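Visitor:
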Amino acid sequence: MIGVYGGTFDPVHVGHLRTALEIKEVLQLEKILFVPCAQPPHRKAPVICPESRARMLELAVRTQPGFHVERLEIEREGYSYTVDTLASLRKQYEDKILCLILGMDAFLGLPQWNRWQSLFDLSHLVVMCRPGTRKMFPEQLERVVDQRQTLTAATLRTRRNGSIFFQQVTQLDISATEIRNSIKQGYSPRFLLPENVWAMIQELKLYQ
Ligand code: ATP
Numbered sequence: 032m033i034g035v036y037g038g039t040f041d042p043v044h045v046g047h048l049r050t051a052l053e054i055k056e057v058l059q060l061e062k063i064l065f066v067p068c069a070q071p072p073h074r075k076a077p078v079i080c081p082e083s084r085a086r087m088l089e090l091a092v093r094t095q096p097g098f099h100v101e102r103l104e105i106e107r108e109g110y111s112y113t114v115d116t117l118a119s120l121r122k123q124y125e126d127k128i129l130c131l132i133l134g135m136d137a138f139l140g141l142p143q144w145n146r147w148q149s150l151f152d153l154s155h156l157v158v159m160c161r162p163g164t165r166k167m168f169p170e171q172l173e174r175v176v177d178q179r180q181t182l183t184a185a186t187l188r189t190r191r192n193g194s195i196f197f198q199q200v201t202q203l204d205i206s207a208t209e210i211r212n213s214i215k216q217g218y219s220p221r222f223l224l225p226e227n228v229w230a231m232i233q234e235l236k237l238y239q
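Here you go:
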């Protein structure tokens, strides 16, 4: 089983990396593909170009076995639709089960995604959530959760796609937005992101 972790990663931080590691271990994933998007359709364009965001990610995952950067959205250019990405990965990893990993915030916005119902034909969804939260979903999502939720990680291996699994992860209140803001204001974001990523940001004077 392979995890697919998409995002803007503008920049990548320990909130992304720690949660990815927890998901990898709990679900016993063979690997996690970090997919930096070129241009997200639902939010403002990232501050830094796709190439630099991908390079920061590559530095961040370098020492972690099973973490890889997948550049297909960057190479495709234009809007990055997850459904297209999963369709490509489906072909590339014909005999594997794919799990799309996303935060609860991203999951709540799912009905706004392009062809979102088709995501379930291509992969499972693994939603990272806060321990002990009662999940309230908009009606459209509630129905999908009712139909598709599985309560055990092991069940994900018994089907090729189409299930939703909620996994509690350690909550680290870190966001790329706050990191960008601190840098802009002259504060150090050190220890919120990998040391080599911070070094690259300083060297190229990014986010200033
Ligand atoms: P921004 O502040 O620019 O929105 P972000 O780090 O929240 O940045 P992305 O890089 O696009 O946003 O996030 C990619 C994925 O990582 C999303 O699914 C998001 O929910 C998840 N994520 C981001 N930060 C955390 C965190 N601290 N803990 C857990 N998941 C996170």
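Residue numbers (this note's numbering): 32 to 239.
All C-beta atoms in this analysis are idealised placements derived from N, C-alpha and C, irrespective of residue type, glycine included.
Bear in mind the structure is a predicted one, so any value in this text is a computation, not a measurement.
1. Taking 8 Å as the cut-off, decide whether the C-beta atoms of residue 35 and residue 128 are in contact.
2. Let me check you understand the geometry: is the CB of residue 15 closer than 7 Å to at least one non-hydrogen atom of the ligand ATP?
3. Identify, in the order they occur along the chain, each residue of the same chain with its Cβ nearer than 8 Å to the Cβ of residue 235, setting aside the five sequence neighbours on each side.
4. If I measure Cβ to Cβ from residue 214 and keep anything under 8 Å in the same chain, skipping five residues before and after, which residues do I get?
5. Measuring straight from C-alpha to C-alpha, what distance separates residue 109 and residue 205?
6. Please identify the residue among 86, 171 and 126 whose C-alpha is closest to the C-alpha of residue 148.
7. Alpha carbon to alpha carbon, how far is residue 216 from residue 159? Give it in angstroms, no decimals.
8. By the three-class DSSP mapping on this structure, what secondary structure does residue 43 have?
9. Using DSSP with H/G/I as helix, E/B as strand and the rest coil, what is residue 167?
10. For the alpha helix (DSSP H) containing residue 231, name the first residue and the last one.
11. For a minimum of 4 consecutive residues, which ranges assigned as the alpha helix (DSSP H) are wholly contained in the segment 58-145?
12. Mapping the DSSP letters down to three states, classify residue 153 as helix, strand or coil.
13. Since residue 48 contacts residue 85 with CB under 8 Å, what's their CB separation in whole angstroms?
14. Considering only the alpha carbon of each residue, which of 32, 67 and 46 lies closest to residue 60?
15. Within 10 angstroms of its Cβ, does residue 55 collect 16 or more other Cβ (buried), or is it exposed?
16. Could you tell me if the beta carbon of residue 207 falls within a distance shorter than 7 Å of some heavy atom in the ligand ATP?
17. How about residue 118: is its Cβ closer than 7 Å to a heavy atom in the ligand ATP?
18. The ligand ATP and residue 133: does any heavy atom of the ligand fall closer than 7 Å to the residue's C-beta?
19. Any idea if residue 73 is buried or exposed, counting beta-carbon neighbours within 10 angstroms, 16 or more meaning buried?
Guide: So, to answer that:
1. The residue labelled residue 35 in the question sits at position 4 within the sequence shown. The residue labelled residue 128 in the question sits at position 97 within the sequence shown. In this structure, residue 128 does not lie closer than 8 Å to residue 35 by Cβ.
2. No answer is possible for residue 15: it lies beyond the span of the chain, which begins at 32 and ends at 239.
3. Sequence index remark: in the sequence shown, residue 235 carries index 204 (1-based). Contacts found: 83.
4. Counting from 1 along the sequence shown, the entry for residue 214 is found at position 183. Within the same chain, and ignoring the five residues on either side of residue 214 in sequence, the residues whose Cβ sits closer than 8 Å to its Cβ are 220, 232, 237, 238 and 239.
5. What you label residue 109 is simply residue 78 of the sequence shown in a count that begins at 1. What you label residue 205 is simply residue 174 of the sequence shown in a count that begins at 1. Roughly 28 Å between the two C-alpha positions.
6. To locate residue 148, count along the sequence shown from 1; it is residue 117. Answer by Cα proximity: 171.
7. Residue 159 sits at position 128 when you count from the first residue of the sequence shown. Residue 216 sits at position 185 when you count from the first residue of the sequence shown. Counting only the Cα atoms, residue 216 lies some 31 Å from residue 159.
8. Position 12 of the sequence shown, counted from the start, is the residue given in the question as residue 43. In the structure shown, residue 43 falls within a coil segment according to DSSP collapsed to helix, strand and coil.
9. Position 136 of the sequence shown, counted from the start, is the residue given in the question as residue 167. In the three-state DSSP reduction, residue 167 falls in the coil class, being neither helix nor strand.
10. One-based indexing of the sequence shown puts residue 231 at position 200. Looking at the DSSP string, the run of the alpha helix (DSSP H) that includes residue 231 is 226-234.
11. Runs of the alpha helix (DSSP H) inside the segment 58-145: 81-92, 103-107, 113-123 and 135-139.
12. Here residue 153 is taken as the residue at index 122 of the sequence shown, counted from 1. The answer is helix: DSSP assigns residue 153 an H, G or I state.
13. As a first step, residue 48 is located in the sequence shown; it is residue number 17 there, counting from the start. As a first step, residue 85 is located in the sequence shown; it is residue number 54 there, counting from the start. Not confirmed; about 15 Å, so no contact.
14. Walking along the sequence shown from the start, residue 60 turns up at place 29. Comparing C-alpha distances from residue 60 to each of 32, 67 and 46 shows the shortest one belongs to 32.
15. Position 24 of the sequence shown, counted from the start, is the residue given in the question as residue 55. Taking every protein chain shown into account, the CB of residue 55 has 16 or more other CB atoms within 10 angstroms, so this residue is buried.
16. The residue labelled residue 207 in the question sits at position 176 within the sequence shown. Correct: residue 207 has its Cβ closer than 7 Å to the ligand ATP.
17. In the sequence shown, counting from the first residue as 1, residue 118 sits at position 87. Checking every heavy atom of the ligand ATP against the Cβ of residue 118, none is found closer than 7 Å.
18. Stepping through the sequence shown from its first residue, residue 133 is reached at position 102. Remark: the C-beta of residue 133 is in contact range of the ligand ATP, defined as less than 7 Å to any heavy atom.
19. Here residue 73 refers to the residue found at position 42 of the sequence shown. It is exposed - the Cβ of residue 73 has fewer than 16 other Cβ atoms within 10 Å.
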